[in-house]
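Here is the structure we will look at.
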Amino acid sequence: MSGLILGIETSCDDTSVALVDRTGHVAAIRTVSQFEIHEAFGGVYPELASRAHLEAILPTVEGVMAEASVTPSDLTAIGVTRGPGLIGSLLVGLATAEALSMGWNVPAYGVNHLRGHIRSVELESGRTEFPAVIMLVSGGHTLIAELKDAWSYRLLGTTRDDSVGESYDKVARMLSLGMPGGPAIDRAAKLGTPVLRLPRPMKNEGYEFSFSGLKSSVARHIEQHPEVSIEDMSASFVAACVDVLTAKADRALDECKPRSLVIVGGVAASPQIRDAMTEVANKYGVELCLPPMKWATDNAAMIAMATWDYVERGLQPDLMPKPNLSLET
Ligand code: KG4
Ligand code: ZN
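Numbering (UniProt numbering), first residue to last: 1 to 329.
This is the structure in structure tokens:
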């Protein structure tokens, strides 16, 4: 076997390692979740995250290499997330990649986690047709961009405050739905009716997003209308998010006239958002590219997939951590 990239993802609270070939075939992947470590804190505790990555990383690398019967000579490169993310967590992945690179004599590339999400749609299934409009909706990011090809993009808009995923998680906490918030809200929303008319921040203004006002409005309604059920509250919140996201996607499809609409990031796992985006794409006769559920949230396969772009462009490997890396850099 030859021509594999070893991907390493440790930007937040999952230690993930994968082997992916040029076509997007995932030869092996292992992801160690830290969910139980952080659950009690109601969010990721950075110091504990980096310690847990440190414990898990080498056995996870050894695990995927053994599972796929791969030796270092089968590797074209190593790709590791260098940002955005938690500095301590990023450093564990980067130091590991650097050490493996030297020991195995395989080049290691620092990869933008956001580019990983963008390339997640290429894993094992559909292919993006360019030009494309991409919407990244995750816990850390909310952005919409026009992609001319796999590498060049024009940023259309991003969030002014909270990300969509963050607002799902915060609303889930307000409703005592536990972590992770997204899937819990989805499940509750399916059983409810959107009876509350919540605000749709910036729905009709360009491509910028703002979700903190929506979150505060949910908090006020919980206080003022204790009679509204958790299911109806969740359904109302999801309806507002879906409305804003589809309005931006609709505008981008109308203005950019792309060949595909790509929706990536953890929130792309939401069935309500998937259904609504299917309708928008159908309206314009555009191909909808959604990563299968398992590739929508953070994973190393998408990082390995994105690494192929760095290798093929002959980019200089850069293993400096960049906690605030944006899509522009
Ligand atoms: O992409 P991701 O795994 O990590 C970041 O890079 O941020 O996204 C995590 C976010 C969390 O806020 C989580 O609540 C949300 O994705 N999420 C969902 C669903 N699954 C995960 N949101 C809505 N519906 C889901 N099914
Ligand atoms: Zn992510």
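From the three backbone atoms N, C-alpha and C, an ideal C-beta is built for every residue, glycine too.
Inset, instruction - Count the CB pairs spanning the stretch 117 to 128 and the stretch 295 to 310 that are closer than 8 Å, and state whether there are at least three. - result: The count of Cβ pairs closer than 8 Å, one atom from the stretch 117 to 128 and one from the stretch 295 to 310, reaches three, so the stretches are in contact.
Inset, instruction - Determine the contact status of residue 273 and residue 234, defining contact as a CB-CB distance below 8 Å. - result: no
Inset, instruction - Quick one: give me the first and last residue of the alpha helix (DSSP H) that residue 168 is part of. - result: 164 to 174
Inset, instruction - Could you tell me which uninterrupted alpha helix (DSSP H) segments, each at least 4 residues in length, are contained entirely in the stretch 230 to 295, listed from first to last along the chain? - result: The DSSP assignment places complete alpha helix (DSSP H) segments of no fewer than 4 residues inside the stretch 230 to 295 at 230 to 256 and 271 to 284, in order along the chain.
Legend entry - Own chain residues within Cβ distance below 8 Å of residue 49, not counting five before or after: 12, 13, 34, 37, 38, 86, 88 and 89
Legend entry - beta-carbon residue 169 near the ligand ZN non-hydrogen atom, thresh 7 Å: Of the heavy atoms belonging to the ligand ZN, none sits nearer than 7 Å to the Cβ of residue 169.
Legend entry - Contained beta strand (DSSP E) runs [length at least 3] in the stretch 121 to 164, N- to C-terminal order: The qualifying runs are 132 to 137, 142 to 147 and 153 to 158.
Legend entry - residue 68 - DSSP class collapsed to helix/strand/coil: coil
Inset, instruction - Using beta-carbon positions only, say whether residue 94 and residue 319 come within less than 8 Å of one another. - result: For the pair residue 94 and residue 319, the CB atoms are nearer than the 8 Å cut-off.
Inset, instruction - Would you identify the three-state DSSP class for residue 6, choosing helix, strand or coil? - result: In the three-state reduction of the DSSP assignment, residue 6 falls in the strand class.
Legend entry - heavy atom of the ligand ZN below 7 Å from residue 333 C-beta: The structure shown does not extend to residue 333, since the chain is modelled only from 1 to 329, so the question has no answer here.
Legend entry - Presumed contact (8 Å Cβ cut-off) between residue 201 and residue 213, rounded CB distance: 5 Å
Inset, instruction - Could you say which of 27, 111, 292 and 246 lies nearest to residue 71 if we only look at CA atoms? - result: 27
Legend entry - Check your reading: residues with Cβ closer than 5 Å to the ligand ZN heavy atoms: 138 and 298
Inset, instruction - Determine the extent of the beta strand (DSSP E) in which residue 18 is found, giving its start and end residues. - result: 14 to 21
Legend entry - Proximity winner among 294, 6, 17 and 257, relative to residue 134 (alpha-carbon distances): 257
Legend entry - For residue 211, three-class secondary structure by DSSP: coil
Inset, instruction - Return the first residue and the last residue of the beta strand (DSSP E) that residue 30 is part of. - result: 26 to 33
Legend entry - Strand pairing of residue 56, partner residues [DSSP]: The partner list for residue 56 (beta bridge, DSSP) is empty, contrary to what the question assumes.
Inset, instruction - Could you tell me whether the Cβ atoms of residue 83 and residue 324 are closer together than 8 Å? - result: Their beta carbons are under 8 Å apart, which means residue 83 touches residue 324 by this criterion.
Inset, instruction - Have a look at residue 187 and residue 221 and give me their C-alpha separation to the nearest angstrom. - result: 20 Å
Legend entry - C-alpha distance - residue 296 paired with residue 271, whole-angstrom precision: Roughly 12 Å separates the two Cα atoms.
Legend entry - Nonlocal neighbours in the same chain, by C-beta distance under 7 Å from residue 111, ignoring five residues either side: 79, 80, 81, 82, 303, 306, 307 and 310
Legend entry - Distance, residue 117 Cα to residue 55 Cα: Those two C-alpha atoms are separated by around 25 Å.
Inset, instruction - Quickly, what does DSSP pair residue 81 with across the bridge? List them, please. - result: BP columns for residue 81 point to 111.
Inset, instruction - Could you tell me which of 10, 106 and 31 sits nearest to residue 4, measuring between CA atoms? - result: 106
Legend entry - Any non-hydrogen atom of the ligand KG4 within 7 Å of residue 194 CB: no
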